[in-house]
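Counting in my numbering, the sequence shown tops out at residue 1882, every number present.
Just so you know, even glycine gets a beta-carbon here, dropped at the ideal spot from N, CA and C.
The structure under discussion appears below in the form of structure tokens.
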Amino acid sequence: MNMTELPTLHERFPPHFVWGVATSSFQIEGAPEQDGKGLSIWDQFCRVPGAIADASNGDVACAHYSRWQEDLDLIASLGVDAYRFSIAWPRVRPGGSGAWNEKGLDFYERLVDGMLARGVKPYVTLNHWDLPLELQATGGWANRDTVPLFVEYARKVATRLGDRVPSITTHNEPWVMSVLGHESGVFAPGLKNRAMAMQVAHHLLLSHGLSLQALRADGCQADLGIVLNLSPMSAATDSAADQAKKVLEDGRLVRWYMDPLFKSAYPEDVLAYLGQDAPQVQAGDMQAIATPLDFLGINYYTRSVVSADDSWKSSQSGLPLTDMGWEIYPEGLTELLLRVHQDYELPVIFVTENGGAFPDVLDNGQVHDAARTEYIAKHIEAIAQAMDQGVPLGGYMVWSLLDNFEWASGYEKRFGIVHVDFASQQRTPKDSALWYQDYLRCVHAHRASLAQATTGA
Ligand code: FCB
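Here is the structure:
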């Protein structure tokens, strides 16, 4: 796809709309023990036989810890406004409590200053899943004592960077850490205990709310928010069993997070379903969780289709799939945005992740990933449609800048708009990166013409 097919897409967005790319610390940095860094739960999980599809780990990943300047040059060359990245908690405080690691803090200061020097806005995420391993020994996120430690970590980072970053996210996708980490056990720390998973979700939300309060009390000027993975939920059939499953799964994925954040209560139907597995909540917790947000981040990849029949597979729907086996369904993003806008009083929304894994082929220094370009363009179009219908949207970030360590899928699934040869660490912009660059040139030209029109008027 080239811009001539969607010639005016960029003109549908206001000039202050933020365009970006995203990554996360564990997926790109490598250097798990360099310069005093402590290990995270993902370092350990990668050592569990069978946990990672290609038996790989994050020891090298994209070697971003040493190649960060080259990566920032690449980001700047795309013409994005912002770069969403995460800080590895065990890099700045190796054990999660106790001594701070100055070298780790320095790294992120250099990174932030490097972005600012290149005219790229740093969008910081504090927790993209790499909990310090030492904290897991005392129960990790299932232990309420982790909550104040996260608040300390948030305050430390905000003290060091808060004057220079426009946006701080507490957690990335609490549903994933809770359910995939502690109920199905397919992600770190690999536990299978539903009651624990729900307690983890509660502690994540609580630590989020308390961090917002602490950072604001400290005078932090950055916009503060949280990032959720949300999908519209569909039932495979009209059967009563499938319809009931749809309501429950929507409760567990969407309302379990949105209701406490924006209505200060967990959804009654999910609490009833959980019974004894419902989390322990102390007086004041729900008020803390509902501390007003400056923005809500939403990561969107696909819709969720559920069935009461466990053998049913979403690939049966006939929609095209990405390399993850996820349906390509851009309309779902419009649906989702309209629905949350209708059901909740929301601040500005950022689509903080969106992108696709496709089986790329590097051919003579080029990757012709037309399917990824089309995926991205269609989702941008889906956002424009939601905006046209009144949803307040502030930005869009492509997942991901680079091919990287895709969690339990290892290096087999490539989400980057820039190809990474993991043997040589060579970066090669794919056609999708060149398309995004071209698109962003149009964005900048449009902004300039609007500015000129205003000045001229
Ligand atoms: C999201 C994660 C991100 C990446 C994408 C594909 O759930 O936040 O790290 O793995 O999925």
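Residue i, buried or exposed, once every other Cβ within 10 Å from all chains shown has been counted against 16
{"i": "Thr1880", "result": "exposed"}
{"i": "Ala1666", "result": "exposed"}
{"i": "Lys1617", "result": "exposed"}
{"i": "Gln1561", "result": "buried"}
{"i": "Ser1849", "result": "exposed"}
{"i": "Gln1701", "result": "exposed"}
{"i": "Glu1495", "result": "exposed"}
{"i": "Pro1432", "result": "exposed"}
{"i": "Lys1738", "result": "exposed"}
{"i": "Ala1476", "result": "buried"}
{"i": "Leu1574", "result": "buried"}
{"i": "Ser1729", "result": "buried"}
{"i": "Lys1788", "result": "The amino acid at residue 1788 is misidentified as Lys; the sequence shows Asp. It is exposed - the Cβ of Asp1788 has fewer than 16 other Cβ atoms within 10 Å."}
{"i": "Asp1479", "result": "exposed"}
Chain-order list of residues whose beta-carbon lies under 6 Å from that of residue i (same chain, five-residue window excluded)
{"i": "Val1505", "result": "Trp1444, Gly1445, Val1446"}
{"i": "Tyr1490", "result": "Glu1454, Gly1455, Ala1456"}
{"i": "Gly1463", "result": "Pro1515, Pro1519, Gly1520, Pro1557"}
{"i": "Ala1858", "result": "Ile1842, Val1843"}
{"i": "Arg1797", "result": "Gly1781, Phe1783, Ser1857"}
{"i": "Glu1608", "result": "Arg1619, Ala1622"}
Own chain partners of residue i with C-beta closer than 8 Å, once the 5 adjacent residues on each side are dropped
{"i": "Ala1713", "result": "Leu1631, Gly1634, Leu1635, Gln1638"}
{"i": "Val1731", "result": "Met1658, Ser1659, Ala1660, Ala1661, Asp1667, Lys1670, Lys1671, Glu1674"}
{"i": "Ile1512", "result": "Ser1450, Tyr1533, Val1549, Thr1550, Leu1551, Val1582"}
{"i": "Gly1565", "result": "Ile1466, Leu1556, Thr1571, Pro1614, Val1625"}
{"i": "Gly1790", "result": "Thr1853"}
{"i": "Gly1539", "result": "Trp1493, Gln1494, Leu1497"}
{"i": "Leu1744", "result": "Glu1752, Ile1753, Tyr1754"}
{"i": "Val1576", "result": "Ser1632, Leu1635, Ser1636, Ala1639"}
Nearest residue (CA-CA) to residue i, options the options
{"i": "Glu1778", "options": "Ser1603, Glu1598, Lys1855", "result": "Glu1598"}
{"i": "Asn1654", "options": "Leu1640, Val1679, Gly1815, Gln1668", "result": "Val1679"}
{"i": "Met1683", "options": "Ser1834, Thr1584, Thr1716", "result": "Thr1716"}
{"i": "Thr1448", "options": "Gly1820, Gly1841, Leu1818", "result": "Gly1841"}
{"i": "Ala1488", "options": "Val1845, Pro1854, His1869", "result": "Val1845"}
{"i": "Glu1527", "options": "Gly1750, Gly1461, Gln1851, Lys1803", "result": "Gly1461"}
{"i": "Phe1470", "options": "Glu1458, Gln1459, Gly1483", "result": "Gly1483"}
{"i": "Leu1826", "options": "Gly1780, Ile1774, Pro1784", "result": "Gly1780"}
{"i": "Arg1585", "options": "Tyr1800, Leu1718, Gln1707, Gly1529", "result": "Gly1529"}
{"i": "Thr1594", "options": "His1553, Arg1872, Ser1609", "result": "His1553"}
{"i": "Gly1644", "options": "Lys1688, Ala1795, Arg1580", "result": "Arg1580"}
Distance CB(residue i)-CB(residue j) smaller than 8 Å
{"i": "Ser1592", "j": "Ala1626", "result": "no"}
{"i": "Pro1692", "j": "Gly1709", "result": "no"}
{"i": "Trp1525", "j": "Arg1516", "result": "no"}
{"i": "Val1611", "j": "Ala1833", "result": "yes"}
{"i": "Asp1570", "j": "Thr1563", "result": "yes"}
{"i": "His1793", "j": "Asp1735", "result": "no"}
{"i": "Gly1606", "j": "Gln1646", "result": "no"}
{"i": "Ser1742", "j": "Glu1756", "result": "no"}
{"i": "Phe1847", "j": "Tyr1836", "result": "yes"}
{"i": "Pro1557", "j": "Trp1600", "result": "no"}
{"i": "Val1537", "j": "Ala1507", "result": "no"}
{"i": "Ala1807", "j": "Thr1759", "result": "yes"}
{"i": "His1435", "j": "Val1868", "result": "yes"}
{"i": "Gly1815", "j": "His1766", "result": "yes"}
{"i": "Gly1650", "j": "Leu1696", "result": "no"}
{"i": "Met1623", "j": "Leu1686", "result": "no"}
{"i": "Met1749", "j": "Lys1838", "result": "yes"}
{"i": "Ser1656", "j": "Tyr1725", "result": "yes"}
{"i": "Leu1640", "j": "His1596", "result": "no"}
{"i": "Phe1438", "j": "Ala1809", "result": "yes"}
{"i": "Ile1774", "j": "Ile1723", "result": "yes"}
{"i": "Met1822", "j": "Arg1509", "result": "yes"}
Helix, strand or coil at residue i according to DSSP, with G and I counted as helix
{"i": "Ile1842", "result": "coil"}
{"i": "Trp1751", "result": "coil"}
{"i": "Val1672", "result": "helix"}
{"i": "Leu1464", "result": "coil"}
{"i": "Val1679", "result": "helix"}
{"i": "Asp1694", "result": "helix"}
{"i": "Asp1648", "result": "strand"}
{"i": "Pro1547", "result": "strand"}
{"i": "Arg1852", "result": "strand"}
{"i": "Gln1561", "result": "helix"}
{"i": "Ile1808", "result": "helix"}
{"i": "Leu1897", "result": "It is not possible to answer for residue 1897, since the shown part of the chain is limited to 1426 through 1882."}
{"i": "Arg1518", "result": "coil"}
{"i": "Arg1580", "result": "helix"}
{"i": "Tyr1836", "result": "coil"}
Same chain, Cβ closer than 7 Å to residue i, five either side skipped, listed in chain order
{"i": "Leu1865", "result": "Trp1444, Leu1503, Gly1504, Val1505"}
{"i": "Ala1486", "result": "Gln1452, Ile1453, Glu1454, Gly1455, Asn1829, Phe1830"}
{"i": "Pro1474", "result": "none"}
{"i": "Leu1763", "result": "Ala1811, Gln1814, Val1816"}
Proximity test, Cβ basis, 8 Å: residue i and chain B
{"i": "Val1845", "result": "No chain B appears in the structure shown, which is made up of a single protein chain."}
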